[in-house]
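Here the sequence shown stands for residues 66 to 806, where the numbers follow the numbering used here. Quick notes on the structure that follows.
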Amino acid sequence: MSTAYETALARVRGGASARVEARALVEQMSTEEKIHCLDGGVPTWEGLRDIGSGGYHHRPFRACYVPRLGIPGFHFSDGPRGVVVGAGTAFPVSMARGASFDTDLEERIGDAIGRELRVVGADLYGGVCVNLLRHPAWGRAQETYGEDPHHVGELGAALTRGVQRHVMATVKHFALNSMENARFTVDVTCDEKALHEAYLPHFRRIVSEGVAAVMSAYNSVNGQWAGESTELLSDILRGEWGFDGMVISDWIFGLRDGVKSVRAGLDVEMPYRMIRHAPVTDAVGNGELAIEEVERAVINTVSTMLRFGVGSLPRNPESVMLAPEHLSLAREAAGKSMVLLKNDTVGSSEVLPLGPNTGRVAVLGRLADMRNLGDGGSSDVMSPYAVTPFAGISRRFGSDNVVHHDGSDVAKAADIAAAADVAVVVVGYTKEDEGEFIGDGSENAHLRSLFPSGDDPQLVEVYKEYVRENHWPVDAEHNMSDRSNPRRARPNDKGDVSFARGGDRVSLRLPDADVELIREVAARQARTIVVVVCGSAVVMEEWRHEVPAVLFAWYSGMEGGDALADVLTGDVNPSGHLPFAIPTEESHLPFFDKDAAAITYDMWHGQWKLDRDGNGAAYPFGFGLGYTTFGLGEPTVAAGGSHVDVGVTNTGSVPGECVVQVYGSPVRARDDEPRRRLVGFTKVHVEAGASVTARVIVNRAALETRDTVAHRMVLVPGEYRLEAALFAGDPAATSATVRLA
Numbered sequence: 066m067s068t069a070y071e072t073a074l075a076r077v078r079g080g081a082s083a084r085v086e087a088r089a090l091v092e093q094m095s096t097e098e099k100i101h102c103l104d105g106g107v108p109t110w111e112g113l114r115d116i117g118s119g120g121y122h123h124r125p126f127r128a129c130y131v132p133r134l135g136i137p138g139f140h141f142s143d144g145p146r147g148v149v150v151g152a153g154t155a156f157p158v159s160m161a162r163g164a165s166f167d168t169d170l171e172e173r174i175g176d177a178i179g180r181e182l183r184v185v186g187a188d189l190y191g192g193v194c195v196n197l198l199r200h201p202a203w204g205r206a207q208e209t210y211g212e213d214p215h216h217v218g219e220l221g222a223a224l225t226r227g228v229q230r231h232v233m234a235t236v237k238h239f240a241l242n243s244m245e246n247a248r249f250t251v252d253v254t255c256d257e258k259a260l261h262e263a264y265l266p267h268f269r270r271i272v273s274e275g276v277a278a279v280m281s282a283y284n285s286v287n288g289q290w291a292g293e294s295t296e297l298l299s300d301i302l303r304g305e306w307g308f309d310g311m312v313i314s315d316w317i318f319g320l321r322d323g324v325k326s327v328r329a330g331l332d333v334e335m336p337y338r339m340i341r342h343a344p345v346t347d348a349v350g351n352g353e354l355a356i357e358e359v360e361r362a363v364i365n366t367v368s369t370m371l372r373f374g375v376g377s378l379p380r381n382p383e384s385v386m387l388a389p390e391h392l393s394l395a396r397e398a399a400g401k402s403m404v405l406l407k408n409d410t411v412g413s414s415e416v417l418p419l420g421p422n423t424g425r426v427a428v429l430g431r432l433a434d435m436r437n438l439g440d441g442g443s444s445d446v447m448s449p450y451a452v453t454p455f456a457g458i459s460r461r462f463g464s465d466n467v468v469h470h471d472g473s474d475v476a477k478a479a480d481i482a483a484a485a486d487v488a489v490v491v492v493g494y495t496k497e498d499e500g501e502f503i504g505d506g507s508e509n510a511h512l513r514s515l516f517p518s519g520d521d522p523q524l525v526e527v528y529k530e531y532v533r534e535n536h537w538p539v540d541a542e543h544n545m546s547d548r549s550n551p552r553r554a555r556p557n558d559k560g561d562v563s564f565a566r567g568g569d570r571v572s573l574r575l576p577d578a579d580v581e582l583i584r585e586v587a588a589r590q591a592r593t594i595v596v597v598v599c600g601s602a603v604v605m606e607e608w609r610h611e612v613p614a615v616l617f618a619w620y621s622g623m624e625g626g627d628a629l630a631d632v633l634t635g636d637v638n639p640s641g642h643l644p645f646a647i648p649t650e651e652s653h654l655p656f657f658d659k660d661a662a663a664i665t666y667d668m669w670h671g672q673w674k675l676d677r678d679g680n681g682a683a684y685p686f687g688f689g690l691g692y693t694t695f696g697l698g699e700p701t702v703a704a705g706g707s708h709v710d711v712g713v714t715n716t717g718s719v720p721g722e723c724v725v726q727v728y729g730s731p732v733r734a735r736d737d738e739p740r741r742r743l744v745g746f747t748k749v750h751v752e753a754g755a756s757v758t759a760r761v762i763v764n765r766a767a768l769e770t771r772d773t774v775a776h777r778m779v780l781v782p783g784e785y786r787l788e789a790a791l792f793a794g795d796p797a798a799t800s801a802t803v804r805l806a
């Protein structure tokens with residue numbers, strides 16, 4: 066006999082309205098069941114004990130289930146570089162994939178992640194992270210795609226399409242969540258123009274793609290916590306944009322006032338019954354909160370589950386995890402993401418690519434043979450192996466021809482480099498330097514008042530001690546005497562537990578030891594290639610002019626070492642382009658205080674700010690070299706400006722992929738507008754000496770401005786210049802004008 070939920074699901078599949086069927090199910094619930102659906106599925110203290118023993122990576126988080134009616138609830142697993150539950154494929158971080166400028170590639174990655182989610186029983190993916198990179202010091206910059214709203218929106222939409230072939234996707238963190246250390250406390254002030262032209266367009270794009278869920282942010286926006294913001298969650302998200310899915314909170318401290326969050330439009334507090342269960346129960350009981358407001362939230366959640374067929378999705382077999390095609394895709398993505406910033410001639414040829422007769426290769430640096438996949442927090446993927454740069458290069462050139470030194474003895478490393486034919490110096494950061502901030506507890510001690518009274522008194526006392534003394538209980542058998550530092554709270558390769566501190570970066574420079582190594586090696590070896598491992602921009606002025614080749618390799622995933630070898634040898638022609646601008650000085654960037662209690666965001670960040678202030682970039686947004694060169698013809702603009710056709714000629718001697726970027730601006734520009742906005746891009750393959758026509762779809766919405774009187778986006782009628790370029794400010798750009806209305 067079918068359950069009530071199964072009957073409703075069958076009706077939806079037959080064409081019935083998911084919202085109507087959800088309402089009918091909610092009407093059958095008791096008040097207690099309705100309130101149960103507003104929160105994660107387990108009590109706070111039980112859940113915290115589980116997460117402290119590695120539960121984040123053991124199983125999905127379940128919420129909104131009602132066994133009596135057969136409502137299965139949804140099962141959440143995080144991202145964005147893969148499936149964090151179990152041992153899945155670790156793809157390059159999102160920032161790396163943003164550098165690919167390849168939406169087809171990102172959609173295929175989403176498809177692979179969706180398939181692996183179905184192995185572990187997850188049906189909601191928390192991996193579409195699209196907070197704008199306002200400042201490169203942001204610790205979780207690696208989890209987003211870049212600094213430009215159009216670019217970020219298109220990549221996020223592509224990931225959403227791929228994932229939602231299999232499960233529901235969540236876009237996060239809504240909104241203005243681009244500081245890490247102060248994420249629980251900072252109030253971000255942002256005026257209406259900057260909010261809607263810079264910090265929200267990418268969210269709107271992904272909502273238009275049909276994303277199932279939106280996750281609210283920790284921070285406060287214009288004086289209101291994001292998880293309680295009627296402006297964000299109701300007026301903009303549902304009212305202006307027409308979002309019809311569910312809204313979930315960020316983890317544990319995603320709101321402050323339970324009743325207010327329900328009224329504002331937050332449907333589910335995740336991942337436990339924590340802040341709002343008791344106050345909402347009381348408020349409904351005494352009439353302060355109408356049961357209809359609770360029902361509205363539950364209908365949003367259940368209707369979303371019905372639309373996506375939650376509960377009817379069979380698990381995929383274990384063989385889907387780490388499938389050969391997924392590993393191949395991870396390697397492809399890593400190769401296509403790497404950005405060649407410099408490739409000077411030494412002797413008679415450019416340093417890269419390295420030919421088959423290269424000879425002895427010195428691979429140097431503390432990161433050269435380290436498993437270094439990025440953030441050690443919620444986005445960490447427990448892949449069973451990771452190919453390091455040294456391993457990948459050794460496999461390609463043969464171990465007898467490759468020598469490694471970690472750089473701890475700089476003089477010895479320089480001697481090794483001098484004796485080799487080429488030196489590859491691997492520098493940059495790790496999860497200790499940047500990533501999700503896992504402090505020692507003292508930073509957020511003021512939040513302990515948000516914890517509910519305990520369902521398990523013993524656990525309550527343990528967690529009070531954790532907050533007070535920075536201890537974390539990890540023993541799954543309730544042995545409260547076994548505690549360890551919270552920086553060691555996830556299973557690692559050896560089976561013990563390990564959390565990285567992470568957080569916002571303290572500098573955009575490389576560590577002093579890396580700079581010293583680069584300089585000493587470059588002084589002894591003319592053919593020095595610097596490989597930078599990072600999650601966002603690195604200011605390189607103190608050393609970049611001393612080396613002939615610089616390659617941004619990012620946190621490149623479990624296949625990254627082999628992909629690096631592919632690029633260094635020319636098996637893969639690098640086609641990555643910077644998803645942000647790299648300044649010559651940190652002072653050219655917006656104000657950033659990682660511990661700020663309050664901060665103001667305006668329009669001006671990244672390339673937009675550099676252009677406005679007249680500061681040239683070390684490397685501009687969209688910049689990237691390859692082993693060939695391209696020329697662009699004059700663009701042809703379709704009537705109404707829907708797309709631009711531009712001829713692309715490969716003027717070099719090897720095939721390559723060209724990223725054609727189209728920038729738009731009013732012919733009669735205003736000082737309060739960016740000099741140029743990215744309105745479209747595409748990636749095309751061109752054989753050596755050949756020409757193709759690239760069609761770039763123009764996103765007219767990227768040219769819209771905010772009418773702060775009517776409170777809507779408008780395209781000001783007039784003449785617009787559309788530039789076809791290889792990067793922002795390209796002096797060889799070609800352009801055409803079109804009238805838009």
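Heads up, the beta-carbon is just placed ideally off N, CA and C, and yes, glycines get one too.
Can the beta-carbon of residue i be found less than 8 angstroms from the beta-carbon of residue j?
i	j	result
residue 302	residue 331	no
residue 265	residue 253	no
residue 121	residue 159	no
residue 177	residue 394	yes
residue 599	residue 666	no
residue 262	residue 771	yes
residue 697	residue 725	yes
residue 461	residue 634	yes
residue 113	residue 318	no
residue 797	residue 451	no
residue 338	residue 109	yes
Mind checking which residues open and close the beta strand (DSSP E) that includes residue i?
i	result
residue 731	721-731
residue 238	233-239
residue 616	614-617
residue 253	252-255
residue 143	139-143
residue 714	708-715
residue 470	467-470
What first and last residue would you give for the alpha helix (DSSP H) that runs through residue i?
i	result
residue 162	159-165
residue 455	454-462
residue 101	96-101
residue 312	First-last for residue 312: 311-313, but that is the beta strand (DSSP E), not the alpha helix (DSSP H).
residue 771	Not the alpha helix (DSSP H): residue 771 falls in the beta strand (DSSP E), residues 770-772.
residue 437	Careful: residue 437 lies outside any alpha helix (DSSP H) and carries neither H nor E.
residue 83	83-92
Among the residues of its own chain, which have a CB less than 6 angstroms from the CB of residue i, if the five just before and after it don't count?
i	result
residue 671	212, 645, 646
residue 560	Note that residue 560 scores a pLDDT of 33, beneath 50, so its modelled location is shaky; the value from the coordinates is reported in the next line. Correct list: empty, nothing qualifies.
In or out: residue i buried (at least 16 other Cβ within 10 Å) or exposed?
i	result
residue 422	exposed
residue 713	buried
residue 656	exposed
residue 465	exposed
residue 369	buried
residue 356	exposed
residue 693	buried
residue 534	Note that residue 534 has pLDDT 44, beneath the 50 cutoff, so the model's placement of it is unreliable and the number below is only indicative. By the 10 Å Cβ count, residue 534 comes out exposed.
residue 601	buried
Looking only at its own chain, which residues have a Cβ that is under 8 angstroms from the Cβ of residue i, when we skip the five neighbours before and after it?
i	result
residue 333	102, 103, 104, 105, 128, 129, 311, 312, 313, 314, 362, 366
residue 89	73
Spatial neighbours of residue i within its chain, please: C-beta separation below 7 angstroms, excluding the five flanking residues on both sides.
i	result
residue 803	702, 706, 785, 787
residue 542	Because the pLDDT of residue 542 is 29, which lies under 50, any placement of that residue in the model is unreliable, and the question is left without a value.
residue 608	580, 583, 584
residue 643	164, 404, 684, 686, 687, 688, 689
How about residue i: is its Cβ closer than 7 angstroms to a heavy atom in the ligand COA?
i	result
residue 786	Judged by which ligands are present, the structure shown has none, so any question about the ligand COA falls away.
For this session: Would you be able to state if there are at least three C-beta pairs under 8 angstroms between the region 367-376 and the region 224-239?
Result: yes
Exercise. Hey, is the region 446-466 in contact with the region 428-435, meaning 3+ C-beta pairs nearer than 8 angstroms?
Worked result: yes
Exercise. Is the region 211-225 touching the region 159-173, taking contact as three or more C-beta pairs under 8 angstroms?
Worked result: yes
For this session: Decide yes or no for the touch test of the region 406-418 against the region 471-482: beta carbon pairs closer than 8 angstroms, at least 3 of them.
Result: no
Problem set entry | Segment contact, 8 angstroms Cβ cut-off, at least three pairs: the region 747-761 with the region 654-663 | no
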